[in-house]
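Beneath this line is the structure, given in structure tokens, with notes to follow.
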Amino acid sequence: MPELPEVETTRRGIIPHIEGQIVHGTAVRQPELRWPVPTLEHLTGQTLRTVMRRAKYLLLHFDHGTLILHLGMSGSLRILPPDTPPQAHDHFDLVFGGLCLRLRDPRRFGAVLWTDQPPERHPLLRRLGPEPLSDTFDTNHLYTTARHRHIPIKALVMDGHVVAGVGNIYATEALFLSGIAPARRCNRIARPRIAMLVKHIKQVLTKAITQGGTTLRDFQREDGRPGYFAQSLCIYGHEGLPCPACGTTLRARSIAQRNSTWCPHCQH
DNA sequence: AAATTCTCCTGAAGGC
DNA sequence: TGCCTTCAGGAGAATT
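In the numbering used here, each residue's number is its place in the first sequence (first place is 1) plus 16.
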């Protein structure tokens, strides 16, 4: 499932192919994604200036507005020859000279939206928390937020309004590396431990980006390759297997509607 | 206000 | 072998 590192990997993969290119055409085969896909004929003839990322949203900037893409649970973007026949779940194309940017999303939790406003003002982006890899996401921010909340720390870290783009995989890993149990109430964690958590969130996201993200099932890079961070995961999806640190059998339960793996010996 | 539950969808896995 | 049921999962919307 695409989380921040997968989206960033996708961004870096597509940039060399499409930045500065002129849109020759668009195709919408499935307009019913998470929200209806708008008509995009007005993009024809427009130059794609830059591709940015905010949380798990990709922002394709044109002179008159921004195309906002979200990969949802199962989405991926591919760079393909323009005459490549679409397959099932290939919902959306942006055709440039000599290549095609194609969105595939079997579960259709993804989104394609257009805004002619600065994207940071868009309702979906306006209330997002700081980027986890930016300096504004620091111990102070997470600790002061955590002090006033009464939810499990894992739910707090996965709340995009607290910190943007940390999903289930990387929250699970960062909590393990920090020795904090995912179900622990976030206002009952001492500041030095929150500092460790901030450090490990940045560390695990950064490392995952260098590996091209995590491919569990669906995720593909723009050229069809998988990401290779799955082999670096310490405990995500490893319930029933021994903890890599102490050998205790890893357990899993649902926290805030998300499956959560943890080591009952290492994490408190 | 904050916390919790509901919802969208498909493919995979499990049961019989 | 095959059909039916169950469920994961991002995140906004609805509800408490």
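Note that CB positions come from ideal geometry on N, CA and C, so glycine has one too. Please read these numbers as outputs of a predicted model, since none were measured by experiment.
Query                                                                                                                                                    : Result
State the Cα-Cα distance for the pair threonine 277 and isoleucine 167, rounded to the nearest angstrom.                                                 : 17 angstroms
Using the beta-carbon count (16 or more within 10 Å), is glutamate 57 buried or exposed?                                                                 : exposed
Below 8 angstroms, can you find three or more Cβ-Cβ pairs linking the segment 17-32 to the segment 224-236?                                              : yes
With DSSP as the reference, label valine 53 as helix, strand or coil.                                                                                    : coil
Is the CB-CB distance between glycine 243 and glycine 253 below 7 angstroms?                                                                             : no
State the DSSP-derived secondary structure class of proline 258, mapped to helix, strand or coil.                                                        : strand
Looking at arginine 165 and leucine 172, is the spacing between their C-beta atoms short of 7 angstroms?                                                 : yes
Given a cut-off of 7 angstroms on the beta-carbon distance, is the pair alanine 268 and cysteine 282 in contact?                                         : no
Are the beta-carbon atoms of leucine 96 and phenylalanine 108 separated by less than 7 angstroms?                                                        : no
In chain order, what are the residue ranges of uninterrupted beta strand (DSSP E) at least 3 long that sit wholly in the segment 109-170?                : 115-120, 127-131
Determine the burial state of isoleucine 210: buried for a count of at least 16 other Cβ atoms within 10 Å of its Cβ, exposed for fewer.                 : buried
Quick check: what's the CA-CA separation for leucine 129 versus leucine 76?                                                                              : 10 angstroms
In whole angstroms, what separates the C-alpha of threonine 155 from that of lysine 218?                                                                 : 12 angstroms
Can you find at least 3 beta carbon pairs, one from the segment 144-160 and one from the segment 175-183, that sit closer than 8 angstroms?              : yes
Among all the DSSP beta bridges, which residues are the ones paired with isoleucine 38?                                                                  : Thr63
In the DSSP assignment, find the unbroken alpha helix (DSSP H) run with tyrosine 186 in it and report its ends.                                          : 184-194
Do glycine 88 and histidine 40 have their C-beta atoms within less than 7 angstroms of each other?                                                       : no
Given serine 194, which residues of its chain have a CB within under 7 angstroms of its CB, disregarding the five upstream and five downstream residues? : Arg209, Met212, Leu213, His216
Put methionine 212 into one of helix, strand or coil per three-state DSSP.                                                                               : helix
One question on the structure: do aspartate 132 and glycine 81 come within less than 7 angstroms of each other, judged by their Cβ atoms?                : yes
Where does alanine 71 sit, in a helix, a strand or coil, going by DSSP?                                                                                  : coil
Note the first and the last residue of the continuous beta strand (DSSP E) segment covering isoleucine 95.                                               : 92-96
For alanine 127 versus leucine 74, is the C-beta distance shorter than 7 angstroms?                                                                      : no
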